[in-house]
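With full-length UniProt numbering, letter number 156 in the sequence shown gets 156, and the count goes up by one each step, no holes.
Worksheet for the structure shown next.
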Amino acid sequence: MEKTIAVLPGDGIGPEVTRAAVKVLKLIARRYQHEFNFSYGLIGGAAIDALDSPFPKETADACGTADAVLLGAVGGPKWDNNPSELRPEKGLLAIRKHFGLFANLRPVKAVPALLSASPLKEEKAAGVDLMIVRELTGGLYFGEKARTADDAYDTLVYSREEISRIVEQAFELARVRRGKVTSVDKANVLESSRLWREVVEEKKAAYPDVTVEHQLVDSCAMKLITDPSAFDVVVTENMFGDILSDEASVITGSLGMLPSASIRTDGFGLYEPVHGSGPDIAGKGIANPAAAILSAAMMLRYSFGMETEAAAIEEAVQTVLEDGCRTADLAEAGGRSLTTEEWTDKVIEQLDAEAVSEDIMFS
Ligand code: NAD
Ligand code: IPM
Ligand code: MN
């Protein structure tokens with residue numbers, strides 16, 4: 001298959017982990033006879049510096065003609081005091097909104113080789129396999145907002161339509177997973193949550209094979225730590241999903257392990273690690289590229305329908321971790337400490353080794 005991938009490295013460790021993911025995608029193309037064309041664009045602080053906009057028109061156009069987008073991360077102290085329109089984060093919100101990427105999938109899966117790096121007891125972290133389905137283009141992030149010197153407000157608005165489509169995504173995913181949806185809200189306080197709950201209740205009739213439970217966000221934050229295995233699909237509004245996913249990420253050992261897909265219903269998607277630009281480690285070559293590499297695997301699965309290729313990447317990542325290769329963030333899991341590039345090359349070697357053993361099997 002021939003595909004065009006727009007690559008937006010962004011800021012801080014964004015370019016470091018994106019380079020790793022592109023390297024893996026190039027190997028996949030070679031091994032499975034695909035043609036991936038990469039077109040590079042600016043976003044975030046890098047785009048502000050070069051073009052005075054966090055999401056320039058050139059970037060929107062390049063992404064619009066691509067089949068999918070791979071993004072690193074945006075932000076950093078250099079731009080933290082910029083006016084809101086000239087903040088790197090604004091570029092991320094703009095690209096999500098521009099392409100209508102309302103569904104953000106954030107899978108959290110415990111890795112056996114990394115259990116000792118999890119802040120949870122190993123027996124709690126073991127076997128965790130949940131998917132956070134975060135609404136991405138509504139809620140507090142996009143509601144009317146304003147400030148004066150002494151007042152400020154943000155508004156949390158959701159329409160029935162916006163809730164329906166994300167809830168449907170969650171039900172569809174649960175159907176092919178373990179058949180359970182936990183809808184997370186704050187319905188004891190927020191009107192928007194009461195509408196959210198009502199829509200979930202209406203929708204569930206169409207999915208008799210899926211069990212639904214409602215959970216308030218505060219106790220959900222607790223239960224993610226005390227009983228994370230109780231969750232299958234977690235569906236929630238934009239900001240709750242943002243917070244809960246960073247919390248859940250460390251069950252895997254590090255925020256640097258968590259990939260994400262931001263999709264709509266036609267296959268186009270934006271793929272990016274859940275983590276940010278890591279200003280404290282940027283430029284040192286030590287960032288964990290797993291989240292970016294696994295985001296590339298999600299691209300192959302959700303945008304290109306390349307399940308075998310996606311699974312090959314995920315398996316290679318597992319094997320490299322089982323072999324004891326670690327980036328610095330996973331030091332607690334023991335093993336050998338490698339740089340971003342060295343660790344990526346281990347994944348590449350592993351993918352090559354798998355290819356060789358398949359050739360032997362099928363020859
Ligand atoms: P962060 O995710 O950048 O970093 C949090 C901590 O996790 C840091 O200690 C960092 O070193 C570590 N970390 C993150 N990714 C890692 C990786 N791949 N390997 C090893 N360690 C990793 O969050 P922050 O420090 O709160 O935010 C920094 C900047 O990133 C801010 O400007 C923020 O707005 C931005 N941000 C961007 C995105 C995005 O582009 N998607 C997401 C979150 C934060
Ligand atoms: C994320 C980030 C972004 C968000 C920021 C940088 C706008 O934290 O992708 O999780 O809050 O959505
Ligand atoms: Mn976040």
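Glycine residues also receive a C-beta, built at the ideal position from the N, C-alpha and C atoms.
- In the DSSP assignment, Asp129 falls within the unbroken beta strand (DSSP E) covering 129–135.
- The three-state secondary structure of Asp280, taken from DSSP, is coil.
- Ile313 sits buried, since 16 or more C-beta atoms from the chains shown fall within 10 Å of its C-beta.
- Judged by DSSP in its simplified three-state form, Ser53 adopts coil rather than helix or strand.
- Relative to the ligand IPM, the nearest heavy atom lies less than 8 Å away from the CB of Gly276.
- In the DSSP assignment, Lys109 falls within the unbroken beta strand (DSSP E) covering 103–109.
- Going by DSSP, Glu272 is part of the beta strand (DSSP E) stretching over 269–273.
- For Glu35, the enclosing beta strand (DSSP E) covers residues 35–40.
- Pairing Leu136 with Asn238 gives a Cβ-Cβ distance under 9 Å.
- When beta bridges are read from the DSSP output, His214 appears opposite Ser183.
- Per DSSP, Thr236 is one residue of the beta strand (DSSP E) stretching across 233–236.
- Here Thr327 carries a coil assignment [DSSP, helix/strand/coil].
- Membership of Ile313 in the alpha helix (DSSP H) is indicated by the continuous run 307–322.
- Taking 9 Å as the cut-off, the Cβ atoms of Ser260 and Ser295 count as close.
- Burial check for Ser254: the Cβ neighbour count within 10 Å reaches 16 or more, so the residue is buried.
- By DSSP's assignment, Glu2 forms a beta bridge with Glu35.
- By the beta-carbon neighbour count (other beta carbons within 10 angstroms, threshold 16), Ile95 is buried.
- Here DSSP, grouped into helix, strand and coil, assigns Val69 to strand.
- Per DSSP, Pro88 is one residue of the alpha helix (DSSP H) stretching across 88–98.
- Relative to the ligand MN, the beta carbon of Asp242 is positioned inside 8 Å of a heavy atom.
- Look at the beta carbons and you see the stretch 227–237 touching the stretch 170–190: at least three pairs across the two are nearer than 8 Å.
- The alpha-carbon separation between Thr18 and Val69 amounts to approximately 11 Å.
- Put simply, the backbone Cα of Gln215 is about 18 Å away from that of Ser164.
- Beta-carbon to beta-carbon, Ala125 and Leu140 are separated by about 30 Å, too far to satisfy the 8 Å threshold.
- Exclusion of Asn81 from the 8 Å shell around the ligand NAD follows from its C-beta lying no nearer than that to any non-hydrogen atom of the ligand.
- Around the beta-carbon of Ala205, fewer than 16 other beta-carbon atoms lie within 10 Å, marking it exposed.
- Of the residues Tyr302, Ala310, Phe240, Asp345, the one whose Cα lies closest to the Cα of Arg326 is Asp345.
- Excluding the 5 residues flanking it on each side, Ala20 has same chain C-beta neighbours closer than 7 Å at Pro289, Ala292, Ile293, Thr340, Thr344, in chain order.
- Proximity to Asp242 across Gly127, Met1, Pro273, Thr226 peaks at Pro273, based on C-alpha coordinates.
- Per DSSP, Ala125 is not a residue of any beta strand (DSSP E); the alpha helix (DSSP H) it occupies stretches across 122–125.
- Taking Ser39 as reference, the option from Leu51, Ile48, Ala62 with the minimal CA-CA separation is Ala62.
- The three-state reading of DSSP puts Tyr302 in helix, counting H, G and I together.
- Contact fails between the stretch 217–232 and the stretch 81–89, because fewer than three Cβ pairs, one in each stretch, are under 8 Å apart.
- Using a Cβ distance threshold of 9 Å, Leu8 and Gly72 count as a contacting pair.
- Put simply, the stretch 188–195 touches the stretch 151–165. At least three CB pairs are less than 8 Å apart.
- DSSP places Tyr207 outside both helix and strand once states are collapsed to three, so it counts as coil.
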